[in-house]
Amino acid sequence: MNSRLKELLANGEEVTDAEEEAFLLFSQDIPPGNLGFLEPRAPTVDVTIRGAEYTVHQSPTLLSSSRAGGTTGAVLWKITPFFADWISSPSNPLWTHSFLSSDSVVAELGCGISALVALALAPSVDHYLATDQEYVRRLFRTNLEENASVNSSTTFSTKQKGTKSRGAKPAKKHSSSANNEPRNVTFTTLDWELDQPELLKGCIGTESGGQEAEDGTEEDKGFDLILSCDCIYNDALVTPFVRTCAEICRLRPVYEPSDESESSPPTRQPTICIVAQQQRAPDVFEAWLRETLREFRVWRLSDDVLVGGLKNGSGYLVHLLLAREKH
Numbered sequence: 004m005n006s007r008l009k010e011l012l013a014n015g016e017e018v019t020d021a022e023e024e025a026f027l028l029f030s031q032d033i034p035p036g037n038l039g040f041l042e043p044r045a046p047t048v049d050v051t052i053r054g055a056e057y058t059v060h061q062s063p064t065l066l067s068s069s070r071a072g073g074t075t076g077a078v079l080w081k082i083t084p085f086f087a088d089w090i091s092s093p094s095n096p097l098w099t100h101s102f103l104s105s106d107s108v109v110a111e112l113g114c115g116i117s118a119l120v121a122l123a124l125a126p127s128v129d130h131y132l133a134t135d136q137e138y139v140r141r142l143f144r145t146n147l148e149e150n151a152s153v154n155s156s157t158t159f160s161t162k163q164k165g166t167k168s169r170g171a172k173p174a175k176k177h178s179s180s181a182n183n184e185p186r187n188v189t190f191t192t193l194d195w196e197l198d199q200p201e202l203l204k205g206c207i208g209t210e211s212g213g214q215e216a217e218d219g220t221e222e223d224k225g226f227d228l229i230l231s232c233d234c235i236y237n238d239a240l241v242t243p244f245v246r247t248c249a250e251i252c253r254l255r256p257v258y259e260p261s262d263e264s265e266s267s268p269p270t271r272q273p274t275i276c277i278v279a280q281q282q283r284a285p286d287v288f289e290a291w292l293r294e295t296l297r298e299f300r301v302w303r304l305s306d307d308v309l310v311g312g313l314k315n316g317s318g319y320l321v322h323l324l325l326a327r328e329k330h
């Protein structure tokens, strides 16, 4: 496992200093932009991801309301289509190094209403758990149901021509329920300050990864991959967000680079956390990174493995995190 992780991590540069990283990234030219919404006043937005066309229903009225707890998840963010394109591509290093496969269980924090990442990725994994506040649920399910028919054309095998497979299995075909919602996508609320991450996987039942492992070990409460797409835009979110990510990742064994023993018994792969975000305020980014470095080792992924919309100079950043042992 360590050798595969090393190959994966070679696709990025390890970050060890928050102030230095913030200075490096924010001293570059960044495209001007607003908070990051795509078309915040439109009731629907059409987007194309890897040749598939989606119609996203959103709520400009809710966005402009004074709802307690925030409303930013009510509309589509600019980074989301780029991220959905990248994470679902068979050339993504998570696929080519077999850290994603048709057996993977994935969780997303702060999914928002669009369901785009779930729609793009869920057809190729075992189960996808999307989390956010309760006000997101209705439009998330609407977008999931109304765009479900697009999934059949985006499902892929990691053994496609031109992609080096490292033992990953072909994607499964997931049926839909009576209301046309894919069976392997679940939405649940998750409060970063109040809820218990160890209970999160129970939301998807035992059919998709909640049962005992084949070797008879205890139930796996962890996930193969944690995703977050543009959830950090003010200081108040930093600490609860990072803590939640860390607690979820520590439901699996953490990565220990010093453990090179080939004779040690195999364990579940560590949870990989991918955080994508728009470059906005350097002080907020630095605060997030400083807090993150306390809990994780961090790599900024290189342009070689990112799609055009996420590359250096785009105004977007993608970091890969691996949890440290809890102090």
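Residue numbers for the sequence shown follow my numbering, beginning at 4 and rising by one.
Don't be surprised by glycine CBs; every beta carbon is placed ideally from N, CA and C.
Beta carbon of P63 nearer than 8 Å to that of V78
The residue you call residue 63 lines up with position 60 of the sequence shown. The residue you call residue 78 lines up with position 75 of the sequence shown. In contact: P63 and V78 (Cβ atoms closer than 8 Å).
Leaving out the 5 sequence neighbours to the left and right, which residues in its chain are closer than 7 Å to K329 when beta-carbon positions are compared?
Locating residue 329 in the sequence shown gives position 326, where the first residue counts as 1. Excluding sequence neighbours, K329 sits near R253.
Separation of T191 from G212, as counted between CA atoms:
Here the question's residue 212 lines up with position 209 in the sequence shown. Here the question's residue 191 lines up with position 188 in the sequence shown. The pLDDT assigned to G212 is 46, lower than 50, so where the model puts this residue is not dependable; a value taken from the coordinates is nonetheless given after this. Distance between the alpha carbons of G212 and T191 is about 17 Å.
Minimum C-alpha distance to P43 - residue among L8, L122, S68 and W195
Numbered from its first residue, the sequence shown carries residue 43 at position 40. Checking every option, the nearest Cα to that of P43 belongs to S68.
Neighbour-count burial assignment, Q199, 16 or more Cβ in a 10 Å radius
Taking the first residue of the sequence shown as 1, we reach residue 199 at position 196. By the neighbour-count rule (16 or more Cβ atoms within 10 Å), Q199 is not buried but exposed.
In whole angstroms, give me the CA-to-CA distance for A118 and E149.
Here residue 118 corresponds to residue number 115 of the sequence shown, with the count starting at 1. Here residue 149 corresponds to residue number 146 of the sequence shown, with the count starting at 1. Going by C-alpha positions, A118 is about 11 Å away from E149.
Can you give, in chain order, each stretch of the beta strand (DSSP E) that sits fully within the segment 22-63 and has at least 3 residues?
Every beta strand (DSSP E) stretch that sits fully inside the segment 22-63 and reaches 3 residues is listed by chain position as 47-52 and 55-60.
Taking C-alpha atoms, which residue in D307, R283 and V109 lies nearest to S91?
Your numbering for residue 91 matches position 88 in the sequence shown. Of the candidates D307, R283 and V109, the one whose C-alpha sits nearest the C-alpha of S91 is V109.
Count the other C-beta atoms from every protein chain shown that fall within 10 angstroms of the C-beta of N315, then say buried if there are 16 or more, exposed otherwise.
On the sequence shown, residue 315 is found 312 positions in, with the first residue counted as 1. Note on N315: under 16 other CB atoms within 10 angstroms of its CB, so exposed under the neighbour-count rule.
Residues in its own chain within less than 8 Å of V287 by CB, not counting five upstream and five downstream?
For the purposes of this step, residue 287 is taken as the residue at position 284 of the sequence shown. Taking V287 as the centre and dropping the five residues before and after it, the same chain places the C-beta of I235, Y236, N237, D238 and V241 closer than 8 Å to its C-beta, in chain order.
Which one of V188, E250 and F143 has the shortest CA to CA distance from W195?
By 1-based counting over the sequence shown, the position of residue 195 is 192. For the residues V188, E250 and F143, the minimum Cα distance to W195 belongs to E250.
Quick one: give me the first and last residue of the alpha helix (DSSP H) that S6 is part of.
As a working mapping, residue 6 is identified with position 3 in the sequence shown. Counting along the chain, S6 sits inside the alpha helix (DSSP H) bounded by residues N5 to L12.
Classify V241 as helix, strand or coil using the three-state DSSP reduction.
In the sequence shown, residue 241 corresponds to position 238, counting from 1. Three-state DSSP puts V241 in a helix.
Give me whichever residues DSSP pairs with L324 in a beta bridge.
Stepping through the sequence shown from its first residue, residue 324 is reached at position 321. Beta-bridge pairing links L324 to C276 and V301.
Measure the alpha-carbon distance for L325 versus V278 and round it to whole angstroms.
Taking the sequence shown and counting its residues from 1, the one referred to as residue 325 is at position 322. Taking the sequence shown and counting its residues from 1, the one referred to as residue 278 is at position 275. In this structure, the CA atom of L325 is about 11 Å from the CA atom of V278.
Test item: CB-CB of L41 and W80 under 8 Å
If you number the sequence shown from 1, residue 41 lands on position 38. If you number the sequence shown from 1, residue 80 lands on position 77. Yes. Within cutoff.
Below 8 Å between beta carbons: does that hold for N187 and H100?
Counted from its first residue, the sequence shown places residue 187 at position 184. Counted from its first residue, the sequence shown places residue 100 at position 97. No. Outside cutoff.
Could you check the C-alpha separation between E210 and G311 for me, to the nearest Å?
Residue 210 sits at position 207 when you count from the first residue of the sequence shown. Residue 311 sits at position 308 when you count from the first residue of the sequence shown. Note on E210: pLDDT 46, under 50, position unreliable in the model; no value is reported.
DSSP three-state assignment for L124, whether helix, strand or coil:
Sequence index remark: in the sequence shown, residue 124 carries index 121 (1-based). When secondary structure is reduced to three states using DSSP, L124 falls in the helix class.
Do D227 and S107 have their C-beta atoms within less than 8 Å of each other?
Counting from one through the sequence shown, the residue named residue 227 turns up at place 224. Counting from one through the sequence shown, the residue named residue 107 turns up at place 104. Yes, they are a contact pair.
Express the C-alpha separation of G115 and V139 in angstroms, rounding to a whole number.
The residue given as residue 139 occupies position 136 in the sequence shown. The residue given as residue 115 occupies position 112 in the sequence shown. In this model, V139 and G115 are separated by some 6 Å (Cα to Cα).
Could you say which of S127, Q281 and F102 lies nearest to S6 if we only look at CA atoms?
Residue mapping note: residue 6 aligns to position 3 of the sequence shown, counting from 1. Each of S127, Q281 and F102 was checked against the Cα of S6, and the nearest Cα belongs to F102.
For C232 and R144, the rounded distance between their alpha carbons:
Here residue 144 refers to the residue found at position 141 when the sequence shown is read from its first residue. Here residue 232 refers to the residue found at position 229 when the sequence shown is read from its first residue. Their Cα atoms are separated by approximately 18 Å.
Taking E17 as the reference, which of F299, H60 and E111 has the closest Cα?
The residue labelled residue 17 in the question sits at position 14 within the sequence shown. Selected option, being the one with the closest Cα: F299.
Report the option in R293, P126, A123 and W98 whose CA atom is closest to the CA atom of A25.
One-based indexing of the sequence shown puts residue 25 at position 22. When only C-alpha atoms are compared, the closest one is R293.
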